[in-house]
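Be aware that the sequence shown starts at 3, since it is given in the numbering used here, and climbs by one per residue.
For each residue, glycine too, the CB sits at the ideal point set by N, CA and C.
These numbers were taken from a predicted model, which means no experiment stands behind them.
What follows is a single structure, written as structure tokens, with notes after it.
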Amino acid sequence: MKYISTRGHAAKAEFCDILLGGLAPDGGLYLPQAYPRIGRAELDAWRHLSYAELAFQILTRFVSDIPAPDLREMCARTYNSKVYRYARPGDDPAQITPLRWLERGKLGLLALSNGPTLAFKDMAMQLLGNLFEYVLARRDETINILGATSGDTGSAAEYAMRGKARVKVFMLSPAGKMSAFQRAQMYALADENIFNIAVTGMFDEAQDIVKAVFNDADFKAQHHIGAVNSINWARVAAQIVYYFKGYFAATASNDEMVAFCVPSGNFGNICAGHIARCMGLPIARLILATNENDVLDEFFRTGIYRPRTAAETHVTTSPSMDIAKASNFERFIFDLLDRDPQKVAGLWREIDAGRPFDLAKTPYFARVPEFGFISGTSSHVGRLAMIKQIHEQYGVMIDPHTADGVKVALEHADGLPAGVPLVVLETAQPAKFAATIREALARDPDIPDDLRDLENMPQRVEVMAPQPSAVKDFIAARD
Ligand SMILES: *Cc1c(COP(=O)(O)O)cnc(C)c1O
């Protein structure tokens with residue numbers, strides 16, 4: 003399996019070559035030269051596999067430069083109920099991503115948040131930690147991971163990399179913009195290879211710093227800077243697995259279809275769903291849900307992609323979706339534009355110059371339905387109402403991001419083909435967002451026993467103005 007850039011850079015790379023890097027040299031994102039097609043016989047053979055074995059079967063299609071026994075061992079070490087140990091009462095922890103029906107056969111939640119940081123990002127990040135360790139040892143290299151987080155990526159990365167030899171993590175977060183629990187998850191880690199930097203600005207400003215450092219080729223090479231943010235291809239690849247697992251859990255045979263609704267920000271999660279569908283998984287619809295930061299919903303409704311500035315980004319009660327420029331979106335647009343890298347490069351010249359692009363009057367936009375996409379948006383009021391409604395109706399507590407997903411999913415339920423179950427991806431546990439849960443339900447969320455004291459632990463964080471030079475100096479002093 004060879005990888006190409008969405009902007010046409012010529013040199014084709016292997017999986018391990020792009021694992022440790024970020025953007026392609028031409029500023030594009032890596033994608034497989036062609037998606038593997040999964041036939042009916044394979045789907046039938048995969049239906050009853052364990053999560054770890056399914057992950058191996060899928061990932062081995064994308065990874066041709068790690069021997070199969072090693073990859074299988076890493077999948078087994080990653081996808082087990084010791085790592086994903088926070089399954090909720092009534093859910094089967096052995097499933098790793100258990101499906102919880104609210105209405106049997108009709109409406110379900112796919113629990114992706116049973117990992118160490120209680121959010122779906124652990125699904126890919128825990129594997130990434132093991133892949134990094136493996137590849138760095140094989141090459142006798144070290145890496146300084148630089149990332150930006152709006153909440154959940156940072157803690158997931160830190161829990162995946164903590165204590166790993168050859169790896170240091172420098173994680174930027176927007177100062178004061180995450181929940182108290184999210185801050186505690188990151189800032190309370192005492193491992194010596196973990197560095198938290200709180201930037202006095204919005205998430206997008208933190209992300210722009212990361213991009214600026216990556217664009218400094220000398221600094222990047224000298225300090226072995228690597229990425230684990232959502233543009234990392236291995237993360238997208240690992241996320242493909244739970245669409246298959248969720249499909250098998252929601253259906254009795256491979257003749258059936260499923261609709262997935264995905265609470266979205268950077269388009270990473272749903273991009274994996276798009277690829278699963280391109281591989282041949284019978285997905286009827288991919289329903290994209292945004293919060294008040296509705297850049298992606300606007301595109302799917304109008305054909306106009308208009309990233310917002312940091313100043314135009316709303317601070318919401320589903321903070322992990324407070325994203326105004328969806329870093330993975332280029333991957334979908336590449337496919338939508340018949341994989342024409344010149345066209346993609348042209349569109350992103352506009353985006354990088356701060357201008358929108360408009361596909362409405364092109365034949366490409368008319369083809370969006372062929373890719374299964376529809377979208378909708380949620381807001382604080384809708385989010386609270388949904389948390390309350392699902393709790394009252396089904397006795398199930400959902401987090402604010404999942405609530406955005408359920409709200410948008412239910413709005414589209416009537417338009418689905420008859421008999422197609424609607425599966426909402428549960429992207430976090432309510433324990434992470436106590437203030438919003440209290441506002442909706444006038445009670446505290448349930449918190450796993452061993453995490454109850456987290457917010458009282460000592461915290462370690464460096465506060466900084468949003469300037470690339472300050473971040474570079476900080477890294478250089480600790481490399
Ligand atoms: C990261 C995150 C999202 C958004 O996922 P993307 O891959 O950025 O679209 C949604 N919900 C939660 C809880 C998250 O942590």
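CA-to-CA distance, residue j to residue i, given in whole angstroms
i    : j    : result
M323 : A229 : 20 Å
I211 : P470 : 5 Å
P450 : D28  : 45 Å
I199 : P176 : 9 Å
V137 : P71  : 15 Å
V260 : D218 : 44 Å
V463 : A251 : 41 Å
L253 : E428 : Checking the displayed sequence, the identity of residue 253 turns out to be Thr instead of Leu. Those two C-alpha atoms are separated by around 18 Å.
F197 : F269 : 26 Å
R42  : L112 : 23 Å
Q395 : V465 : 43 Å
P118 : R87  : 7 Å
V85  : F373 : 34 Å
G110 : Q187 : 28 Å
Y161 : W350 : 33 Å
Q431 : R140 : 36 Å
Check whether residue i and residue j have beta carbons under 8 Å apart
i    : j    : result
A291 : D401 : no
F262 : I242 : no
R237 : M127 : yes
I376 : H403 : no
F435 : S266 : no
Y245 : G275 : yes
N256 : D452 : no
F122 : N271 : yes
I6   : Q35  : yes
A96  : S115 : no
N295 : T311 : no
I389 : L104 : no
Distance cut-off 7 Å: residue i Cβ against heavy atoms of ligand 1
i    : result
D289 : Per the sequence shown, residue 289 should be read as Ile rather than Asp. I289 Cβ: outside cutoff for every heavy atom of ligand 1.
D124 : no
T429 : yes
F183 : no
N271 : yes
N268 : yes
T155 : yes
H323 : Here residue 323 is Met; the residue named in the question, His, does not match the sequence. At least one heavy atom of ligand 1 is nearer than 7 Å to the Cβ of M323, so yes.
P38  : no
A420 : no
P265 : yes
S377 : no
H276 : no
A190 : no
A121 : yes
H316 : no
H414 : no
S232 : yes
Supposed close pair residue i, residue j - CB separation, criterion 8 Å
i    : j    : result
K327 : P309 : 4 Å
M399 : I439 : 7 Å
M125 : V65  : Going by Cβ atoms, the distance from M125 to V65 rounds to 17 Å, so no, they are not a contact pair.
A478 : H225 : 6 Å
S381 : V410 : Wrong, their Cβ atoms sit about 11 Å apart, outside the cutoff.
Specify whether the stretch 417–435 and the stretch 278–289 touch according to this definition: at least 3 beta carbon pairs, one from each stretch, less than 8 Å apart.
Yes, they touch.
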